[in-house]
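Written below as structure tokens is the structure these notes are about.
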Amino acid sequence: MNIPKKLSIAIDGPAASGKSTTARLLAKKLGYIYIDTGAMYRAATLAVLKKGINPEDSKNAGKAVAESEISIKIILQEQHTFLDGEDVSKKIRTPEIDRNISVIATNTDIRKIMVAQQQRLAEQGGVVMDGRDIGTVVLPDADLKVFMIASIEARAQRRLQDQAEHNLTLQEIKDDIERRDFADMNRSDGPLKKAEDARELDNSNLSIDDQVDQIYKWVNELIA
Ligand code: DC
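Using numbering that gives the first Met the number 0, read the sequence shown as starting at 0 and increasing by one per residue.
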């Protein structure tokens, strides 16, 4: 019997472009592992803030992350993020983390730690990994690379719904997304960039199911 190879799938794109939901559902459909690398950078940001270190202090921020244990576990088909044994899945999705994460994501020492850990997690294949630098840096040999984009309006509306409990206005959310995208695109180490061999998927007017179906179709074409 010909068992299809377990592919490595990289999904990159700007903030709130719907990568995580799509990647999670796609992984479920394929029976693959889903790895949300943004959650790992969020946990690294929390590690630095919890230790009372200024995120701008790159040397000590890097040391704090090196001394922390960040891990992810799938529990009841949901990814949970752990920091030093504590489930911080909820604590990493706050405006405070959003405000501080760009500085952490620019820290070269921290990126090295994150990239090495992500590459280890993907070693066996059968993974859907989403982030900013997956197709370019973490998994440059991924079998399928997708670059997801969506209008700023669509992205801000989605984030507004996700973070309803934090009472931010649509404009505040738009400003934060644009600020983070700018920082992500303009850092020298692992910037947000479409890999040359990535397929672009504009999901401004697509439902989640449509997005998952489109990528699932691409996967099946590759396996066939
Ligand atoms: O995917 P997200 O919005 O949860 O990611 C949060 C931040 O983490 C994002 O603004 C940039 C950073 N990030 C990164 O630099 N590289 C990745 N592979 C994933 C996220």
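Quick reminder that beta carbons are idealized off the backbone N, C-alpha and C, glycines included.
Open item on the list: Here's a check: name, in chain order, each residue in its chain whose Cβ is nearer than 7 Å to the Cβ of leucine 82, leaving out the five neighbours to either side.
Closed with: Ala42, Leu45, Ala46, Ser67 and Ile69
Open item on the list: In the DSSP assignment, the alpha helix (DSSP H) including valine 136 goes from what residue to what residue?
Closed with: Note, valine 136: premise wrong, no alpha helix (DSSP H); not H, not E.
Open item on the list: Please report the distance separating the alpha-carbon of lysine 4 from that of glutamine 213.
Closed with: 20 Å
TODO: Evaluate phenylalanine 181 with the Cβ neighbour count: other Cβ atoms within 10 Å of its Cβ, from every protein chain shown; 16 or more gives buried, anything less gives exposed.
DONE: exposed
Task: Given alanine 65 as reference, the closest of Val87, Thr135 and Asp108 once Cα atoms are compared - done: Asp108
- [ ] May I ask whether a heavy atom of ligand 1 can be found less than 7 Å away from the beta carbon of threonine 36?
- [x] yes
Task: DSSP-derived helix/strand/coil call for isoleucine 91 - done: coil
Open item on the list: Considering just the uninterrupted stretch of the beta strand (DSSP E) at arginine 199, what are its terminal residues?
Closed with: For clarity, residue 199 is glutamate in the given sequence; the question names arginine instead. Its beta strand (DSSP E) spans residues 198-201.
TODO: Please confirm whether any heavy atom of ligand 1 lies closer than 7 Å to the CB of tyrosine 33.
DONE: no
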